[in-house]
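Trainee:
In mature numbering (1 follows the signal peptide of the UniProt record, and there is no 0), the protein residues as written are -25 to -1, 1 to 249.
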């Protein structure tokens, strides 16, 4: 089925909202924006998805931040960013401190047991090292005996714990796992040499390479695609409203423009929709 009618509908809705000063929202708004604002928990330490570009910024920049603003505009409400450490994002949503979590949070079976999630971007997990390091990885087993840094509360902790179990079973020395509260902390530990490697997403490393070429290098890329999701409390109607909004922003080119702005491959928008 052609997406042209959807494009025309989404564009008409956005134009109408703009002409009316934001008073007119697109149809099918989720219940949690009934107060007139879209409150999102965000950990702005994960460029290019969410981060503070310069000291003193009151709101984060990045792909996720622009997605949040686009969703708010689509619904004719105001975005509100609630800065939260990563480990507190989903508990904060569950405790109703925010309406949604859009903050580089991967969709996993464990998380979707309690919460709804709408996919919006695909990525791949990588192991990265200092650009000046001699370390190479033929397989993950080569992390045996190495110090590896990861962000606490992420899936990377589970990945490393499972790897260490496999290394022990094979009679090899497990890696030394170090956890830090922020993704930027992980990168700093690798940069100064306190960790031989770190785990992150290809999106973050691409941004760091854009900012400072040669500072880091990819040592290993997991073949599976990971999917970032917008999380919300369970409600079929709210989930459908968010899915429809993401589809509309995809159809009218808004998400493509945002991806290109932050040097992300627009093809990963389609991967997330599969």
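Quick reminder that beta carbons are idealized off the backbone N, C-alpha and C, glycines included.
Since the structure is predicted, the reported quantities are computational estimates derived from the model, not experimental observations.
1) What did DSSP end up calling residue 253 once you bin it into helix, strand or coil?
2) Helix or strand or just coil, what does DSSP make of residue 14?
3) For the 8 Å Cβ check, are there 3 or more pairs between the segment 176 to 187 and the segment 90 to 99?
4) Which residues in the same chain as residue 166 place their Cβ atom closer than 8 Å to its Cβ, once the five residues preceding and following it in sequence are excluded?
5) Among 161, 130, 196, which has the Cα closest to the Cα of residue 102?
6) How should residue 139 be labelled, buried or exposed, when 16 other C-beta atoms within 10 angstroms of its C-beta is the threshold for buried?
7) If distances are taken between C-alpha atoms only, which option among 43, 245, 130 comes closest to residue 52?
8) Tell me which residue opens and which closes the alpha helix (DSSP H) that residue 160 is part of.
9) Over what stretch of residues does the alpha helix (DSSP H) that includes residue 143 continue unbroken?
10) Along the chain, where does the alpha helix (DSSP H) containing residue 226 start, and where does it finish?
11) Three or more beta-carbon pairs under 8 Å between the segment 77 to 88 and the segment 110 to 117, yes or no?
12) Report the start-end ranges of each alpha helix (DSSP H) in the segment 44 to 76 that is 4 residues or longer and not cut off at the edges.
13) If you draw a straight line from the C-alpha of residue 171 to the C-alpha of residue 107, how long is it?
14) Per DSSP, which residues does residue 125 bridge with? Please list them.
15) When DSSP labels each residue in this structure, what does residue 176 get in the three-state scheme?
16) Among 5, 54, 173, 109, which residue has its Cα nearest to the Cα of residue 15?
17) Skipping 5 residues on each side, what residues in its chain have a beta carbon closer than 8 Å to that of residue 194?
18) With a cut-off of 8 Å on the beta carbons, I'd call residue 241 and residue 247 a contact; round off their distance for me.
19) Can you find the residues in the same chain that come closer than 6 Å, C-beta to C-beta, to residue 90, ignoring five residues on each side of it along the sequence?
20) Return yes when the Cβ of residue 22 is within less than 9 Å of the Cβ of residue 183, no when it is not.
21) By Cβ distance, which residues of its chain are closer than 8 Å to residue 212, with the 5 residues on each side in sequence left out?
Mentor: A quick look at the data gives this:
1) Any question about residue 253 goes unanswered here, given that the chain covers just -25 to 249.
2) Three-state result, residue 14: strand.
3) Here the segment 176 to 187 makes contact with the segment 90 to 99; the two share three or more CB pairs at distances below 8 Å.
4) 105, 190, 191, listed in sequence order.
5) For residue 102, the closest of 161, 130, 196 by C-alpha to C-alpha distance is 196.
6) Residue 139 comes out buried.
7) Relative to residue 52, the option among 43, 245, 130 whose CA is nearest is 43.
8) That run of the alpha helix (DSSP H) goes 158 to 167.
9) Residues 130 to 144.
10) For residue 226, the enclosing alpha helix (DSSP H) covers residues 211 to 226.
11) Contact between the segment 77 to 88 and the segment 110 to 117 is absent, because fewer than three Cβ pairs lie under 8 Å.
12) Correct list: 64 to 69.
13) A straight line joining the alpha-carbon of residue 171 with that of residue 107 spans about 11 Å.
14) According to DSSP, residue 125 bridges with 154.
15) Three-state DSSP puts residue 176 in a strand.
16) The candidate whose alpha carbon is nearest that of residue 15 is 54.
17) Setting aside the 5 residues that flank it on each side, residue 194 is surrounded in the same chain by 101, 102, 103, 104, 110, 111, 112, 172, each with a C-beta closer than 8 Å to its C-beta; the list follows chain order.
18) Actually they are not in contact, since the Cβ atoms of residue 241 and residue 247 sit about 11 Å apart, beyond 8 Å.
19) Closer than 6 Å at Cβ, skipping near neighbours: 206.
20) With contacts defined as CB atoms closer than 9 Å, residue 183 and residue 22 qualify as a contacting pair.
21) Answer for residue 212: 5, 6, listed in chain order.
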